[in-house]
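Notes for the one structure printed next.
Number of protein chains: 2
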Amino acid sequence: MKVVIDTLGGDYAPFEIIKGAVNAQKKHDDLSLILCGKEDEISECLGKLKYDKTRIEIVSAPDLISNDEIPTVAIREKKNSSLAVAFDILKKDDDVIGLVSAGSTGAILTGGFLKIGRIKGVSRPTLCPFLPTKKGGYVLVADCGANMDCKPINLCHFALMANEYYKERFGKENPRVALLNVGTENHKGNDLCHQVFPLMQQLDINFVGNMEARDIMSGDYDVVIADGFAGNVLLKSTEGALKIMMGEVKKSIKSNFFARLASVFMLGAFKNLKKTYDFNSYGGSPFLGCKKLIIKSHGSSKAKAIEVSIDEIITLKNKNLNYRIEKAIENAKINIEE
Amino acid sequence: MKVVIDTLGGDYAPFEIIKGAVNAQKKHDDLSLILCGKEDEISECLGKLKYDKTRIEIVSAPDLISNDEIPTVAIREKKNSSLAVAFDILKKDDDVIGLVSAGSTGAILTGGFLKIGRIKGVSRPTLCPFLPTKKGGYVLVADCGANMDCKPINLCHFALMANEYYKERFGKENPRVALLNVGTENHKGNDLCHQVFPLMQQLDINFVGNMEARDIMSGDYDVVIADGFAGNVLLKSTEGALKIMMGEVKKSIKSNFFARLASVFMLGAFKNLKKTYDFNSYGGSPFLGCKKLIIKSHGSSKAKAIEVSIDEIITLKNKNLNYRIEKAIENAKINIEE
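Top line first, the protein sequences correspond to chains A and B.
Note that my numbering has the first sequence beginning at 1, numbered continuously upward.
Note that my numbering has the second sequence beginning at 1001, numbered continuously upward.
Structure, rendered in C-alpha cells:
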C-alpha cells in the first residue's frame, strides 16, 4: 500500500516531513511512499537519511499553496502545487490509501472535498482534532472548522463518523459522545442545538447529553460535537489559554529570586506538563468522511508527528474505517432524516 | 440614589452579599440600599456589621430562584422571590438606579428584559463579562450567553454598547473592537460573520477586524463581539483551560520530591498568578442595554465582588452610560439598518 505525502506544507518542510515519512517506512514493510514537492530538495533530504529506495517515489510538484491563499482558488489553479498533485495521485491511484499534509488546512479540506469526494451518504466531511484530558485520555472535537454553517443532519453525521473513528483510533467501545452547549440541561442552547439534541438521542451511539466548554478536558467525554465555528472557538481558546498559563507560570517563577532558584528542581515536572499539553506533539487531525484517508498534520509538525500520521492512516485502513463510516450512516439514515 | 440587592442569590448568600453592600455604603455618602430577601436572615447579618441604618431598607422576599429553574417561568411565577421583588422595585422606584445579584444568570437576564425593558433602539441587551489579559488590562466579551441566535443588527448593537461601556468603565478612548472569528482574514467565518464584518466597518467605533479565539487574552483587543453561543464557548473554554493548567502545575510540583520542597519558595508567585486569573475576584458582568443598570455578580462572589459591583453601578450612573448607549445607537441607526 502507498501513502502520498505533501513535502512542502508546514513550518519544518521539507526535511522534517521527509524524515518522518522515512521513519514510518522503516516500521511498515508493505508501505511505499510517494513524495510530492521540489525534486532536488527531496533528493537532497533523502541523501541525509537511510531508506528503502525501492519503496519511494518522487513526484515533481514544485509550487506551494500558502495559508494566505483562498483554498478553493489555490487548489484549482495551482495545478503544480505539492498538495494539488498529491490529491490527484490520491484520487487516481487505487493503491494509494491516504494523504498526509502539514500545509494549509483550508486547501486540504477543499482538496478532500472537491478532488476525493465524500463517502456515500456523508452530508459533510469533518475535521476533528483531539485534545489531551486531565485524566490522561483524549477527547475528539468534531467539527473544528471545516464546516462553518451546519444543519442538524451534518452534526449527526459528525457524531457517527467521529464515533467510529474514536473506537478504532483509541480502541474504546461506546465512546461518550456529547453536544457542545452553553449548559448541560437538555433545553439549553441555540436553535441548532435544540434541533440536534433529540436526533442525537436517536442515533446508535452513546450520547451522554450536553457539555459545557469548560469541561472539554475533564476526561468525562470522548467525542464532542459542534458546528465548525463553535468547535474552532472551543479548540483555539483552550489552546490559547493553556499557552498563556504556561507562559505566566514561567514569568511568575522568574520574577522571584527564590522561585527562580527553586525552579531548577522543577524543570522535569514542567517539561512533562508541557509535553502533555503541547498540541504539536500529536500526529494530526483526520478529515473524516472523504473516500480516502486524509490526515492534516499541525503546521509546526516535526518528523515524529508526520510518522504518527502515516501510522494512523495504515491503522485506519486496516480497520476499514471508511467502510464502517458508510455503514454507520447507512443504518442511521432513516432515523435522522425527518 | 438607591441600589437594590438580591441577598439570596449566590454561593455565599446572604452574609457575604450583605457585607459587600454595607461596605459599598460606607464609601458612598449618598447611597441607600434596598436589601431583598429573608427579613430575619438579613437582620441577623446586619447585626454583625456596622452600617448606617438610615440608609438601609429591608424588603421581605423570602423565595429563591435557583439555577435549575426555567428563568422565564421562575421570574413570572415566583412573585415573592428576592430577584423578582428586586426587579419590581428597580422598575417602580425612580430613585433606584441599579440592581446587583449573584443569582441565576438566566433569571437576571429575563428580569432585565421583561421587567425593566430595553433602552430605546436596542434590539437585544447583552451580557458582557471581562477577562484579564496577559498585558495587564481587560478584554470584554459581548455577548456571553444572553442571546443564543443573533442577527447582524444584534451584534452591531453589542459592539456599540460594549464600546461605550468600555470607555466609561476602563477610561480608555477608542477601545479596540474585534469580531470573534475562525481566522483574522476579512473573508473568514460563518454567514453571520460575513454579514456583520462590513457593518462593523461602518460603525463609529475602532473596529480592528477579526480575532481568533486563541488571542482573547493577548491584550491586543479591548472588546470582542460574538453571538451568545460562541461567546459563551469562548469564555468557558478559556476559564476551563486556565483552571486545568493551574491544577496540573500543582500536580506536577507534588509529584516530585525536590519540586515539592522547592515549591515553598514559589508560593507567593503562584498566589499572584491565581489572583490575576481568578474570574471570581472581579466584580461582575454588566447586562447592557436595559433601561436601568444591572450587574450580574459571579455565583461564587464574596463581599468584595458585591462591593465592586455596587461601585460600578454608581460610576456608570454618574457617567450617564445608558444615555450614551441610546445616543450611540440612535446615531448609528441609518448606517446599520440596511
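Beta carbons are placed, not taken as given, at the ideal position from N, Cα and C, and that holds for glycine.
What you are looking at is a predicted structure, and each value in this text was computed from that prediction instead of being measured.
With distance defined between alpha-carbon atoms, name the residue in the options nearest to residue i.
i	options	result
Lys53 (chain A)	A:Ser60, A:Ala61, A:Ser43, A:Pro62	A:Ser43
Ala1086 (chain B)	B:Tyr1165, B:Thr1110, B:Val1177, B:Ala1332	B:Thr1110
Leu1033 (chain B)	B:Ile1056, B:Cys1045, B:Ile1017	B:Ile1056
Asn322 (chain A)	A:Phe287, A:His298, A:Ser297	A:Phe287
Val264 (chain A)	A:Lys275, A:Lys250, A:Tyr277	A:Lys250
Gly299 (chain A)	A:Ile116, A:Leu293, A:Met246, A:Asn67	A:Asn67
Glu1164 (chain B)	B:Pro1132, B:Asp1143, B:Ile1205, B:Asn1154	B:Ile1205
Lys271 (chain A)	B:Ala1303, B:Ile1253, B:Leu1199	B:Ile1253
Leu1203 (chain B)	B:Cys1156, B:Gly1020, B:Leu1235, B:Leu1090	B:Cys1156
Gly1037 (chain B)	B:Lys1050, B:Asp1006, B:Ala1024	B:Asp1006
Ala1178 (chain B)	B:Tyr1138, B:Leu1199, B:Glu1168, B:Val1208	B:Val1208
Glu168 (chain A)	A:Asn181, A:Leu140, A:Gly183, A:Asn154	A:Leu140
Asp63 (chain A)	A:Glu39, A:Leu90, A:Ile119	A:Glu39
Lys302 (chain A)	A:Ile65, A:Lys19, A:Ser81	A:Lys19
Ala1013 (chain B)	B:Pro1132, B:Lys1002, B:Pro1175, B:Ser1297	B:Ser1297
Asn154 (chain A)	A:Asn181, A:Phe257, A:Gly121, A:Arg176	A:Gly121
Pro132 (chain A)	A:Gly98, A:Ser104, A:Phe170	A:Phe170
Leu1235 (chain B)	B:Ser1285, B:Gly1098, B:Asn1023, B:Leu1099	B:Ser1285
Met945 (chain B)	B:Leu1008, B:Ile1325, B:Ala1024	Coverage of chain B is limited to positions 1001 through 1338, which leaves residue 945 (chain B) absent and any answer about it impossible.
Asn181 (chain A)	A:Leu199, A:Leu293, A:His194, A:Asn210	A:Asn210
Leu1099 (chain B)	B:Pro1198, B:Val1004, B:Ser1218, B:Met1217	B:Val1004
Ile116 (chain A)	A:Tyr138, A:Lys91, A:Val22	A:Lys91
Ile1325 (chain B)	B:Met1217, B:Ala1021, B:Phe1158	B:Phe1158
Tyr1277 (chain B)	B:Tyr1138, B:Val1022, B:Ser1081, B:Asp1095	B:Tyr1138
Asn320 (chain A)	A:Ser218, A:Glu41, A:Ile119	A:Ile119
Mind reading off the beta-carbon distance from residue i to residue j? Whole number of angstroms is fine, and I expect it under 8 angstroms.
i	j	result
Lys134 (chain A)	Glu1173 (chain B)	42 angstroms between Cβ atoms; not a contact.
Tyr166 (chain A)	Asp93 (chain A)	Contact flag wrong, Cβ pair sits at about 29 angstroms.
Asn190 (chain A)	Met1148 (chain B)	4 angstroms
Cys1128 (chain B)	Ala1074 (chain B)	Not quite, the Cβ-Cβ distance comes to about 23 angstroms (not below 8 angstroms), so this is no contact.
Ile1225 (chain B)	Ala1142 (chain B)	6 angstroms
Pro71 (chain A)	Ala102 (chain A)	Contact doesn't hold; Cβ gap of about 15 angstroms is too wide.
Val1233 (chain B)	Val233 (chain A)	5 angstroms
Cys144 (chain A)	Gly231 (chain A)	4 angstroms
Ile1078 (chain B)	Ile1089 (chain B)	According to the sequence displayed, residue 1078 (chain B) carries Lys and not Ile. Actually they are not in contact, since the Cβ atoms of Lys1078 (chain B) and Ile1089 (chain B) sit about 15 angstroms apart, beyond 8 angstroms.
Asp1227 (chain B)	Leu1192 (chain B)	6 angstroms
Met246 (chain A)	Lys274 (chain A)	6 angstroms
Gly328 (chain A)	Leu114 (chain A)	This sequence places Ala at residue 328 (chain A); Gly is not what is there. At roughly 24 angstroms, the Cβ-Cβ gap does not stay under 8 angstroms, so Ala328 (chain A) and Leu114 (chain A) are not in contact.
Ser104 (chain A)	Glu69 (chain A)	7 angstroms
Ile1295 (chain B)	Gly1112 (chain B)	Contact flag wrong, Cβ pair sits at about 10 angstroms.
Lys1292 (chain B)	Ile1097 (chain B)	7 angstroms
Leu1083 (chain B)	Gly1183 (chain B)	At roughly 41 angstroms, the Cβ-Cβ gap does not stay under 8 angstroms, so Leu1083 (chain B) and Gly1183 (chain B) are not in contact.
Starting from residue i, follow its DSSP beta bridges and name the residues at the other end.
i	result
Pro1286 (chain B)	B:Ile1295
Leu1099 (chain B)	B:Val1004, B:Ile1294
Tyr138 (chain A)	A:Pro132
Ser32 (chain A)	A:Lys2
Asn1206 (chain B)	B:Arg1176
Asp63 (chain A)	A:Ser81
Asn272 (chain A)	Answer by DSSP bridge pairing: none, since Asn272 (chain A) is not bridged.
Gly1010 (chain B)	DSSP, once it has assigned bridges, lists no residue as partnering Gly1010 (chain B).
Thr126 (chain A)	A:Leu288
Should residue i go down as buried or exposed, given a rule of 16 or more other Cβ atoms within 10 Å for buried?
i	result
Gly1047 (chain B)	exposed
Gly136 (chain A)	exposed
Gln1201 (chain B)	exposed
Glu330 (chain A)	exposed
Glu1212 (chain B)	buried
Ser255 (chain A)	exposed
Asp1011 (chain B)	exposed
Phe229 (chain A)	buried
Glu1016 (chain B)	buried
Ser1060 (chain B)	exposed
Lys50 (chain A)	exposed
Lys26 (chain A)	exposed
Lys1130 (chain B)	Correcting the residue identity first, residue 1130 (chain B) is Phe in this sequence and not Lys. Buried, by the Cβ-count rule.
Ala1261 (chain B)	It should be noted that the sequence gives Leu, not Ala, for residue 1261 (chain B). Classification of Leu1261 (chain B): exposed, given that the 10 Å Cβ count is below 16.
Pro1175 (chain B)	buried
Glu1337 (chain B)	Here the model assigns Glu1337 (chain B) a pLDDT of 49, short of 50, so the residue's position is not dependable, and the following value carries that caveat. The residue in question, Glu1337 (chain B), is exposed, as its Cβ has fewer than 16 Cβ neighbours within 10 Å.
Cys1045 (chain B)	buried
Pro1125 (chain B)	buried
Is residue i near the ligand COA, with its Cβ less than 7 angstroms from a heavy atom?
i	result
Lys27 (chain A)	This structure lacks the ligand COA; in fact it carries no ligand of any kind.
Q) Three or more beta-carbon pairs under 8 angstroms between the region 239-246 of chain A and the region 1230-1244 of chain B, yes or no? A) Taking a contact to require three or more Cβ pairs closer than 8 angstroms, the region 239-246 of chain A and the region 1230-1244 of chain B qualify as touching.
Q: Tell me, please, whether the region 1019-1038 of chain B touches the region 309-326 of chain A by the rule of three or more beta-carbon pairs shorter than 8 angstroms.
A: Contact between the region 1019-1038 of chain B and the region 309-326 of chain A is absent: fewer than three C-beta pairs spanning the two stretches fall below 8 angstroms.
Q. So, do the region 149-157 of chain A and the region 290-309 of chain A have three or more beta carbon pairs nearer to each other than 8 angstroms?
A. Segments in contact, no.
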